[in-house]
Structures are given as structure tokens and as C-alpha cells.
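Residue numbers (mature numbering (1 follows the signal peptide of the UniProt record, and there is no 0)): -22 to -1, 1 to 175.
For glycine and all other residues, C-beta sits at the position ideal for the given N, C-alpha and C.
These notes concern the structure reproduced below.
Laid out in C-alpha cells, this is it:
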């Protein structure tokens, strides 16, 4: 991942931490699995990221009946028709409404918006617009520690005009990739724990 991209993610994390300093801060690391759909470029070449594990973190604070904060998720992945692997790194601001469903159990629904840092030979865009929806169930062991299960749907607006090596039926060869405003969607399942302070 490029240094500039890391600086964007770090700046976002620091901004979210500073904004939350007067309130309770919730830090949630996750592990999970991403299921990806595929898109086709203008020439019919299928672009299909593999289904792979990912890791994520959120930093949030309370706002009215919910929380706001920053979501960062990194997915190293391979691609069906391309020789090199790559990655997707989501950097989103998110907001969610929380519901005290049962004693010790909260449910939540929310949305996120931001950018995805794309590291892939088939894309000439490093940063693409992305957004998503999330929902989950949180079990509170104490006021400072909880475990959660979460699902996220994420969508990336892809555009590209580049040349790379493709795995085609006739063998590996150079191919031109041209993508014009296609939505590449992914679904994440997450298991995480939250520490509040």
C-alpha cells in the first residue's frame, strides 16, 4: 500500500479520536470474511475478486441514539482472470442507530460513506468512491467490553482504462481493461469485540 494512502487512513483515525475525546470512545477490531461479486469491462473481461478473509477496525463515539465514527477495513485478495494479487482498503465515515433490544443485547443499523484504496493491476484508479450499509448484534459483557456479530454491504464505483496481463482461455496475454461506472459490491461478515473508555 502506498505511503500516501496510509497517511489518509491515519489522519482519519486521529481525527475521529480527537472528535470523540470528550465522549466515550469505542474501539472495535474485527476479523471477517468478504464475499465479492464480479463486474465485466467494456470488452467482456470478467473482473472477479476472490472471496477472502479481511481485518477491520472502527473508532466511534456516541451521538444522540447512535454512534458516529471511522471504519477502516483491509482485504488482501486475488483475482480470477489476472496474474497478480491486490487489495481493497475501505476508509469510511459511518453512523448507526442503536437499539437496546434485550438486557445485555443491542442491535444496530447504519450507513457509511468514503473511499476505497484499490491496489489492482486491472484498475488505473487508486482511490474510488464507495459506500455501504451495516447491521449487527452486540452482547455487552460489561459496560466497557462487548462482542459483536456484524454484516456489511459495500459498493465501489469502478472506472478504469489500463492494460495488464489477463488469464484468457487461449493463455496469458496482454489485455486492455476499460470499465466505465460499474458498481463492484462486496458483503462482509464480521466478528469483533468492542472496548469502551
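Let's see if you can read the secondary structure: which residues bound the beta strand (DSSP E) around residue i?
i: residue 61; result: Unbroken run through residue 61: none, as it is neither H nor E.
i: residue 109; result: 105 to 118
i: residue 193; result: Outside the displayed range of the chain (-22 to 175) lies residue 193, so it cannot be described from this structure.
i: residue 16; result: Where residue 16 is concerned, there is no enclosing beta strand (DSSP E), given that its DSSP letter is neither H nor E.
Run through the DSSP bridge pairs and tell me what residue i is partnered with.
i: residue 40; result: 45
i: residue 175; result: In DSSP, residue 175 forms no bridge with anything.
i: residue 160; result: 136
i: residue 168; result: 10 and 128
i: residue 67; result: 52 and 95
Consult DSSP for residue i and reduce its assignment to one of helix, strand or coil.
i: residue 23; result: coil
i: residue 30; result: strand
i: residue 226; result: The first residue shown for the chain is -22 and the last is 175, placing residue 226 beyond what the model contains.
i: residue 100; result: coil
i: residue 6; result: strand
i: residue 121; result: coil
i: residue 1; result: coil
What number of angstroms, rounded off, separates the C-alpha of residue i from the C-alpha of residue j?
i: residue 124; j: residue 171; result: 6 Å
i: residue 66; j: residue 162; result: 11 Å
i: residue 2; j: residue 156; result: 46 Å
i: residue 142; j: residue 41; result: 46 Å
i: residue 154; j: residue 19; result: 9 Å
i: residue 117; j: residue 150; result: 50 Å
i: residue 61; j: residue 175; result: 45 Å
i: residue 106; j: residue 84; result: 33 Å
i: residue 37; j: residue 8; result: 12 Å
i: residue 72; j: residue 129; result: 14 Å
i: residue 52; j: residue 95; result: 9 Å
i: residue 165; j: residue 152; result: 30 Å
i: residue 81; j: residue 112; result: 22 Å
Contact criterion: CB-CB distance below 8 Å. Does residue i meet it with respect to chain B?
i: residue 31; result: The structure shown contains no chain B; it holds only a single protein chain.
Residue i: beta carbon under 7 Å from a heavy atom of the ligand HEM?
i: residue 28; result: Because no ligand of any kind appears in the structure shown, any question about the ligand HEM cannot be addressed here.
| query | How about the segment 126 to 145 and the segment 50 to 69: do they share at least three Cβ pairs that are nearer than 8 Å? | reply | These segments touch.
| Would the segment 71 to 81 and the segment 22 to 32 be scored as touching if the rule is three or more Cβ pairs under 8 Å? | No: the two stretches stay apart, fewer than three of their Cβ pairs being nearer than 8 Å.
| query | Looking at C-beta atoms only, is the number of pairs between the segment 53 to 61 and the segment 92 to 107 that lie closer than 8 Å three or more? | reply | Counting Cβ pairs under 8 Å, three or more are found: they touch.
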